[in-house]
Amino acid sequence: MKILLVGARWYGHTTDFIARALRSLGHDVHVFYYRPWMTRDIDAEAERADRLNELLRRCADRIQPVAVVLLKGEFVSRETIQAMRRKHATVCAWWFDDPRPWKKSLTHLEQVDPFFIFDAHYIPLLRPVLR
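Each residue of the sequence shown is one higher than the one before, counting from 1227 in the working numbering.
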């Protein structure tokens, strides 16, 4: 399966490890990297977020993945998710921490197909935000 993995260049190399794991299962994995500092104040920096979303949409259009996996993806807009779902297939989000500090990302959680979070503690806290 052709997968577009969207992740930051974290110090822990999480994005790289997940890409390697998916490849070891036989998937064709393409990685769209962003820097975590690029999204630190993403709610206040609309221009930077718009540029990242434009680059991500172009990347997805070029690669034509069957699935897009957002590792956090705090900069990804609702419109970008909708465009990728229309043109491609499944878009899922996998959060490693509490998404609530990134207010704009909460609006995209309803747009993804599956949504995964590392700690069940956050599920009741997110219920009021999600349908």
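Virtual Cβ for every residue (Gly too), placed ideally from N, Cα, C.
Terminal residues of the alpha helix (DSSP H) in which residue i lies
i	result
F1243	T1240 to S1250
A1309	R1304 to K1313
P1350	Y1348 to L1352
Interface flag, residue i vs chain B, CB-CB below 8 Å
i	result
V1232	Reference to chain B is not applicable here, since this structure consists of a single protein chain.
Where the beta strand (DSSP E) containing residue i begins and where it ends
i	result
Y1293	According to the sequence displayed, residue 1293 carries Ala and not Tyr. First-last of the beta strand (DSSP E) with A1293: A1293 to L1297.
D1236	According to the sequence as given, residue 1236 is Trp; it is not Asp. Element bounds for W1236: n/a, residue is neither H nor E.
Buried or exposed by the 16-neighbour rule on C-beta atoms within 10 Å, applied to residue i
i	result
A1346	exposed
T1241	buried
A1245	buried
Cα-Cα separation between residue i and residue j, rounded to whole angstroms
i	j	result
A1286	L1351	32 Å
G1233	Y1260	6 Å
Short Cβ contact (8 Å threshold) for residue i with residue j
i	j	result
L1230	H1253	no
Q1337	R1304	yes
Closest residue to residue i among the options (Cα-Cα distance)
i	options	result
F1344	R1288, G1238, P1325 and L1282	P1325
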